[in-house]
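Asks: FYI, in the working numbering the residues of the sequence shown are 4 to 369.
Note that the Cβ used here is the ideal one computed from N, Cα and C, for glycine as well.
Here the structure is a predicted model, which is why all the values come from computation and not from measurement.
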Amino acid sequence: MFVLGIETSCDETAAAVVKDGNELLSNEVASSMDLHSAFGGVIPEIAARCQLETINHVIDQSLLGAFPNISTPANRWAKIDAIAVTYGAGLGGSLLVGVMTAKSIAISQNKPLYAVNHVLGHLYANFITKTNLEGYHLPPKQPQFPMLGLIVSGGHSQLAYFENHFKYQLLGQTVDDAVGEAFDKVAKILGLPYPGGPSIARVAKNGKSLAHKLPISKLQGQYDFSFSGLKTAVLRLVQQLAGVPIDYPSNQLADKLNDQHKADIAASFQYTALKTIVDKTHRAYLDSNPKSVIIGGGVAANSQLRMQLADKFGGPVNSNKILHYTDPKLCTDNGAMVAALGNYMAVCGQPPADPFKLSIAPDLVM
Ligand code: KG4
Ligand code: ZN
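Rendered as structure tokens:
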């Protein structure tokens, strides 16, 4: 079964074709990141406008990439068995572009349409184990049930226990900021470019993770996360190092820090934020005894997270048989994860959406 996945929940315009839920045939991602960097964060109107301009081209390219030997667009469309599209969670305007496009295709090409939950989709990137595309390091085998899923992205931090496809229980989640959001905000305080996650990771390489002791929140829910206290602790630390009062404009703080300050703060923040995630995931693993632990979302691209997890679970980073994470290109938003999840929705008998009725769900939860 060939599924076309369409993803436009934030600033990416992405489309991919996945075969049988495990083989990546194409993966096209256009980002409007450059246009947002100047503002230090995604501007929803700019994102949606770019998506509107690029989505048809991105979809065409994904079909061409998947079926390079089929010469006409009509024959390429004929190969597609189903369309999957992210309908939530995400930015309203951005979701609308993807959903309206997918609905139009489903109607005009007469294909079943699957409405995908983006958060769940992040985990399904781990089910893709094969590709002929160059430059992908995919997991050697698919995760096994029961499995523990950790989603760490710009909008979500969640831990869920899966008995099987679509049979899951949410164990814990963030009570305030998502971890990716905390990376983005700390990067902003340090004057590092957006998106903050990769910037922090890069600068942290020159710093000491134990240079500053930062707090880990203690919460009632044993698998819940909190990152807003950590973020405020970083702000106070920076103010103290800069020798300014707490009402000093935060967008001018970075000018008062030298490179070593920034590196040490980035490393200490990264270490503490990831330690929280790793400790809770390991606790949940010990308590629920799953066969696989899978990690998805933009922050799953972080190599420190992978190292800390490998350390905690035992064994070198890529050889632990329980832990699954995929190529960084499939951790951040992409159409392949949407196509993979769409495949399992179809295979497991989930009902397709009515293309005349499907609407967006910006606040969708898992
Ligand atoms: O999954 P994603 O692409 O979008 C959402 O669904 O939110 O995640 C984006 C988030 C951003 O907050 C970004 O800073 C973070 O993932 N991120 C990282 C890294 N790459 C992206 N965080 C830490 N380390 C990275 N290497
Ligand atoms: Zn995402």
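Taking the beta strand (DSSP E) that Ser29 belongs to, which residues open and close that run?
Replies: From DSSP, the beta strand (DSSP E) with Ser29 extends over 26-34.
Asks: Under 8 Å Cβ to Cβ from Thr57, same chain only, skipping five residues before and after it: list those, please.
Replies: Around Thr57: Thr16, Ala33.
Asks: May I ask you to verify whether the region 146-164 touches the region 358-365, counting CB pairs closer than 8 Å and requiring at least 3?
Replies: No, the region 146-164 is not in contact with the region 358-365.
Asks: Can you pull the DSSP bridge partners for Ser160?
Replies: Val155, per the DSSP bridge assignment.
Asks: Going along the chain, which residues of its own chain have a beta-carbon closer than 7 Å to the beta-carbon of Lys211, five neighbours each way excluded?
Replies: So the qualifying residues of the chain are Asp267, Ala270.
Asks: Relative to the C-alpha of Leu28, which residue among Glu184, Leu67, Thr104 is closest?
Replies: Of the listed residues, the one whose Cα sits closest to Leu28 is Leu67.
Asks: Where Ile86 and Asp330 are concerned, what is the direct C-alpha to C-alpha distance, given to the nearest angstrom?
Replies: Cα to Cα, Ile86 sits roughly 23 Å from Asp330.
Asks: Once DSSP output is grouped into helix, strand and coil, what is the label at Thr89?
Replies: Of the three classes helix, strand and coil, the one that applies to Thr89 here is strand, per DSSP.
Asks: In chain order, what residues place their C-beta within less than 5 Å of a heavy atom belonging to the ligand ZN?
Replies: That gives Ser156, Asp336.
Asks: Considering only the alpha carbon of each residue, which of Tyr117, Gln263, Leu312 lies closest to Val350?
Replies: When only C-alpha atoms are compared, the closest one is Tyr117.
Asks: For Ile298, name the three-state secondary structure that DSSP assigns.
Replies: Three-state DSSP puts Ile298 in a strand.
Asks: Count the other CB atoms within 10 Å of the CB of Phe272; is the residue buried (16 or more) or exposed (fewer)?
Replies: Phe272 comes out buried.
Asks: Which of the three DSSP states, helix, strand or coil, is assigned to Thr104?
Replies: Thr104: helix per DSSP, three-state reduction.
Asks: Beta carbon of Val302, beta carbon of Gly138: below 9 Å?
Replies: Their beta carbons are not under 9 Å apart, which means Val302 does not touch Gly138 by this criterion.
Asks: If we call anything under 9 Å between Cβ atoms a contact, is Asp290 one with Gly194?
Replies: Going by C-beta atoms, Asp290 is not nearer than 9 Å to Gly194.
Asks: Could you tell me the alpha carbon to alpha carbon distance between Pro47 and Lys324, rounded to whole angstroms?
Replies: Approximately 40 Å between the Cα atoms of the pair.
Asks: Taking 9 Å as the threshold (C-beta atoms), are Cys13 and Gly157 in contact?
Replies: Cβ atoms of Gly157 and Cys13: closer than 9 Å.
Asks: As a quick exercise: from Val178, Ala92, Phe70, pick the residue whose alpha carbon is nearest that of Lys82.
Replies: For Lys82, the nearest C-alpha among the options comes from Phe70.
Asks: In chain order, what residues of the same chain have a beta carbon less than 6 Å from the beta carbon of Gln64, not counting five sequence neighbours either side?
Replies: Closer than 6 Å at Cβ, skipping near neighbours: Glu31.
Asks: If you pair each beta-carbon of the region 101-121 with each one of the region 336-350, do three or more pairs fall below 8 Å?
Replies: Verdict: yes, contact present.
Asks: Given a cut-off of 9 Å on the beta-carbon distance, is the pair Val122 and Met369 in contact?
Replies: Yes, these two residues count as a Cβ contact at 9 Å.
Asks: If you drop the 5 nearest sequence neighbours on each side, which residues of the same chain put their C-beta closer than 7 Å to that of Ser229?
Replies: Closer than 7 Å at Cβ, skipping near neighbours: Thr177, Val178, Asp179, Ser220, Leu222.
Asks: The ligand KG4 and Cys334: does any heavy atom of the ligand fall closer than 8 Å to the residue's C-beta?
Replies: Cys334 Cβ: within cutoff of the ligand KG4.
Asks: Closer than 8 Å to a non-hydrogen atom of the ligand KG4 - does that hold for the CB of Val302?
Replies: Val302: yes, Cβ under 8 Å from the ligand KG4.
Asks: What first and last residue would you give for the alpha helix (DSSP H) that runs through Gln263?
Replies: Here the alpha helix (DSSP H) through Gln263 covers 262-291.
Asks: Around the C-beta of Gln1, are 16 or more other C-beta atoms found within 10 angstroms, so that it is buried, or is it exposed?
Replies: Missing from the structure shown is residue 1; the chain here goes from 4 to 369 and no further.
Asks: Would you mind sorting Ala287 into buried or exposed? The rule is 16 or more other CB atoms within 10 Å of its CB.
Replies: Per the 10 Å Cβ criterion, buried.
Asks: Per DSSP, which one or two residues make a beta bridge with Val6?
Replies: Looking at the DSSP assignment, Val6 forms a beta bridge with Val21, Ala85.
Asks: Out of Val241, Thr275, Lys278, point me to the one whose CA is closest to Leu260's CA.
Replies: Of Val241, Thr275, Lys278, the residue nearest in Cα terms is Val241.
Asks: So the candidates are Tyr127, Val206, Leu98; which of them puts its Cα closest to the Cα of Asn167?
Replies: Taking only the C-alpha atoms, the option nearest Asn167 is Tyr127.
Asks: I'd like the span of the alpha helix (DSSP H) that includes Asn346, first residue to last.
Replies: Residues 338-350.
Asks: The alpha helix (DSSP H) with Ala118 in it runs from where to where?
Replies: No alpha helix (DSSP H) holds Ala118; the beta strand (DSSP E) holding it covers 116-120.
Asks: Taking 8 Å as the cut-off, is the beta-carbon of Ile86 closer than that to any non-hydrogen atom of the ligand KG4?
Replies: Outside the cutoff, so no.
Asks: Can you tell me whether Ala77 is buried or exposed, with buried defined as 16 or more other CB within 10 angstroms of its CB?
Replies: By the 10 Å Cβ count, Ala77 comes out exposed.
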